[in-house]
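In the working numbering, the protein residues as written are 94 to 349. Ideal placement from N, C-alpha and C gives every residue a C-beta, glycine not left out.
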């Protein structure tokens with residue numbers, strides 16, 4: 094069993110700024126999503142600002158487009174908030190997608206994020222454990238800091254900027270996959286992610302945007318890695334998305 098042919102990859106309808114980071118012979122593909130794009134369109138009007146510019150079948154969780162060779166599909170394996178950049182995964186067949194989605198649900202996928210936060214965490218390596226409450230209403234998700242759903246992540250400091258406001262580039266490795274988990278865990282520890290308009294420091298975001306011209310949320314899905322069995326063989330898939338230039342630019346800029 095092999096992945097799709099050349100027509101599939103030649104016609105893959107990449108959204109603005111989206112790139113193919115990695116694909117394997119079975120049909121697993123990692124896309125590099127820019128900040129501001131949707132993981133998938135919620136309405137037909139959203140298609141032009143999604144990671145793939147194509148119609149989306151919500152019940153199958155797949156994009157669909159037609160060519161002279163027939164109908165092609167890309168089945169989403171995970172999602173990122175529109176403000177988050179980095180690795181997003183898809184599969185080219187439904188059978189493969191169903192198998193791999195089960196790995197996400199059972200927490201067998203290793204994900205590494207990088208975030209620029211206001212503040213200076215100490216010590217430089219920490220394990221964060223919280224209990225969250227997640228509410229979903231009218232297609233919107235809001236995560237609260239107090240609840241019964243366990244959330245765990247490891248934090249590691251990568252680089253710091255002194256001055257005012259202090260900024261720190263951190264690595265976050267979630268051990269659970271809760272909605273908005275990392276954003277809330279940062280906020281709970283008074284380390285709000287720069288540009289986070291929901292859980293962040295609104296005044297600091299405004300001042301930062303005025304000074305730098307940057308209005309994105311500084312959260313990036315840097316790496317996704319997992320092992321899987323398919324067609325009687327074991328495979329490893331490891332995709333990485335380079336840190337966007339604006340992270341380093343803001344970190345290296347002089348504070349007040």
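Linking residue 259 to residue 212 through their CA atoms gives a straight-line distance of about 5 Å. The three-state secondary structure of residue 202, taken from DSSP, is coil.
For residue 311, the secondary structure class from DSSP, reduced to helix, strand or coil, is coil. Put simply, the backbone Cα of residue 174 is about 9 Å away from that of residue 312. Just measuring C-alpha positions, the residue of 134, 119, 347 and 110 sitting nearest residue 256 is 347.
A distance below 8 Å separates the beta carbons of residue 182 and residue 171. When 126, 116, 168 and 290 are compared, the shortest CA-CA separation from residue 109 is found for 126. Residue 204 counts as buried, since at least 16 other C-beta atoms from the protein chains shown sit within 10 angstroms of its C-beta. Our two residues, residue 281 and residue 292, have alpha carbons roughly 9 Å apart in a direct line.
The beta-bridge partner set that DSSP reports for residue 267 consists of 246.
Beta-carbon to beta-carbon, residue 128 and residue 177 are separated by about 7 Å, close enough to satisfy the 8 Å threshold.
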